[in-house]
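*Asks:* The structure is given below, and queries will be raised subsequently.
Residue numbers (this note's numbering): 1 to 186.
Next comes the structure, spelled out in structure tokens:
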């Protein structure tokens, strides 16, 4: 938004964590009366984020590598299910060097209705060939937690310090680190 002389409030940004880019950019275009199309805003959003990723200092959440290693040893299918665009998801996977741990990537641009609708998690279930009731979702956003629950999946809410003020209270379990999830799964 700086390109247009605007700054998004933390409260508005947090509302859209886990939601689709389209819903965010539609709101931003209206809220700030931006002189561009929603599609151009979406593209600007993702190309900027990808461009800044290498210098962002973003690191893996504590416990991520151990959790992925444990799941792989157990023969579990691991899918990243994100409202983000595929090129960004791929950039993060490569940035964290976890490509060999991921079986499937489902992105928000593959479904009509973004989180909190269940569409993205139902697509993941279908892609992985696992019934929704046998899937475990790890979510750090209000919209994502609702999406996983709406899909009929077990949801572990993760109090991710980088996700802002998110309401994950509807999750079946709540943890403060990804490492805590190992206790549930063992």
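Note that CB positions come from ideal geometry on N, CA and C, so glycine has one too.
Exposed or buried, which one is residue 108 when buried takes at least 16 other CB atoms within 10 Å?
*Replies:* Locating residue 108 in the chain shown gives position 108, where the first residue counts as 1. Its Cβ being crowded by 16 or more others within 10 Å, residue 108 is buried.
*Asks:* Beta-carbon within less than 6 Å of residue 124's beta-carbon, same chain only, minus the 5 sequence neighbours each way: which residues are those?
*Replies:* In the chain shown, counting from the first residue as 1, residue 124 sits at position 124. Spatial neighbours of residue 124 in its own chain (CB-CB distance under 6 Å, excluding positions within 5 residues in sequence) are listed in chain order as 79, 81 and 106.
*Asks:* How about residue 182 and residue 61: are their beta carbons less than 8 Å apart?
*Replies:* Here residue 182 refers to the residue found at position 182 when the chain shown is read from its first residue. Here residue 61 refers to the residue found at position 61 when the chain shown is read from its first residue. At the C-beta level, residue 182 and residue 61 stay beyond 8 Å of one another.
*Asks:* Mark residue 59 as exposed unless 16 or more other C-beta atoms lie within 10 angstroms of its C-beta, in which case mark it buried.
*Replies:* For this step, residue 59 is matched to residue 59 along the chain shown. Classification for residue 59: exposed.
*Asks:* Give the range of the alpha helix (DSSP H) segment to which residue 107 is assigned.
*Replies:* As a first step, residue 107 is located in the chain shown; it is residue number 107 there, counting from the start. Where residue 107 is concerned, there is no enclosing alpha helix (DSSP H), although the beta strand (DSSP E) it sits in stretches over 104-107.
*Asks:* Could you confirm whether any beta carbon from chain C is found closer than 8 Å to the beta carbon of residue 73?
*Replies:* Of the protein chains in this structure there is only one, and it is not chain C.
*Asks:* Thinking residue 157 and residue 173 are a contact (beta carbons under 8 Å), I'd like their distance in whole angstroms, please.
*Replies:* Numbered from its first residue, the chain shown carries residue 157 at position 157. Numbered from its first residue, the chain shown carries residue 173 at position 173. At roughly 7 Å, the Cβ-Cβ gap stays under 8 Å, so residue 157 and residue 173 are in contact.
*Asks:* According to DSSP, is residue 124 helix, strand or coil?
*Replies:* Residue numbering aside, residue 124 sits at position 124 when the chain shown is read from its first letter. Three-state DSSP puts residue 124 in a helix.
*Asks:* Using the C-alpha atoms, what's the distance from residue 24 back to residue 16?
*Replies:* By 1-based counting over the chain shown, the position of residue 16 is 16. By 1-based counting over the chain shown, the position of residue 24 is 24. Going from the Cα of residue 16 to the Cα of residue 24 covers about 6 Å.
*Asks:* Which partner residues does residue 79 have in the DSSP bridge list?
*Replies:* If you number the chain shown from 1, residue 79 lands on position 79. Partner(s): 104.
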